[in-house]
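Quick notes on the structure that follows.
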Amino acid sequence: MQSRRILYLIIIVIIAFLVINQNGLHMQDDLSPTIAREQIFDDFKNQTGEVSLSFPKSFGGTNGELFYLCQQGAEKPVTKVYRIYRLESGELDYQLHDEWDNVVLPANRFETYYLKQGEWVKHRK
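Everything in the sequence shown is counted per the working numbering, starting at 576 for the first residue and increasing by one.
See below:
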């Protein structure tokens with residue numbers, strides 16, 4: 576009977592440890608730095624011509640994520656791919672990762688914002 580109590584106590588301690596450990600991991604994820612869409616919008620608000628910014632629907636602005644700047648050129652569209660990366664200081668920044676000529680992103684996979692008169696709007700009008 577005594578060994579059964581010890582076994583139950585060990586199981587309860589293990590379950591409590593796992594629950595506390597799992598909650599600690601979620602809290603660390605919430606504390607990781609991000610880049611807000613508003614910061615990206617501000618950085619690209621001085622673009623000219625027909626311009627849009629596209630974000631994957633699950634975009635959170637974290638390290639390693641991509642977003643896309645689409646510009647309509649004189650002859651064909653150009654899509655610039657930007658990747659978010661972590662600086663040595665721990666802060667996040669982004670840089671040009673790739674450039675695609677004559678590529679248009681599928682609307683159903685991205686949240687797209689269009690630059691209209693210096694303001695970013697979600698729907699083209």
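Using N, Cα and C, we set each Cβ at its ideal position, and we do this for glycine too.
Tell me, which residues are paired with residue i by DSSP?
i, result
"K655", "L644, E674"
"R661", "L667"
Tell me which residue opens and which closes the beta strand (DSSP E) that residue i is part of.
i, result
"F685", "685-691"
"E694", "694-696"
"S627", "626-631"
Buried or exposed: where does residue i fall if 16 or more other Cβ atoms within 10 Å of its Cβ makes it buried?
i, result
"E650", "exposed"
"G636", "buried"
"E640", "buried"
"I615", "buried"
"L671", "exposed"
"L593", "exposed"
"Y688", "buried"
Could you check where the alpha helix (DSSP H) with residue i kicks off and where it finishes?
i, result
"F616", "612-618"
Between residue i and residue j, what straight-line distance do the alpha-carbon atoms span, to the nearest angstrom?
i, j, result
"V626", "Q646", "5 Å"
"N596", "I610", "27 Å"
"F630", "V588", "43 Å"
"D618", "D673", "18 Å"
"E613", "L628", "11 Å"
"S607", "V653", "32 Å"
"A682", "H698", "11 Å"
"R661", "L680", "26 Å"
"I586", "S633", "37 Å"
Between residue i and chain D, is any beta-carbon pair separated by less than 8 Å?
i, result
"G693", "Of the chains in the structure shown, none is chain D; there is only one protein chain."
Contact defined as beta carbons within less than 8 Å: I believe residue i pairs with residue j. What is the distance between those atoms, to the nearest angstrom?
i, j, result
"R658", "Y669", "6 Å"
"K620", "L690", "7 Å"
"W675", "V656", "7 Å"
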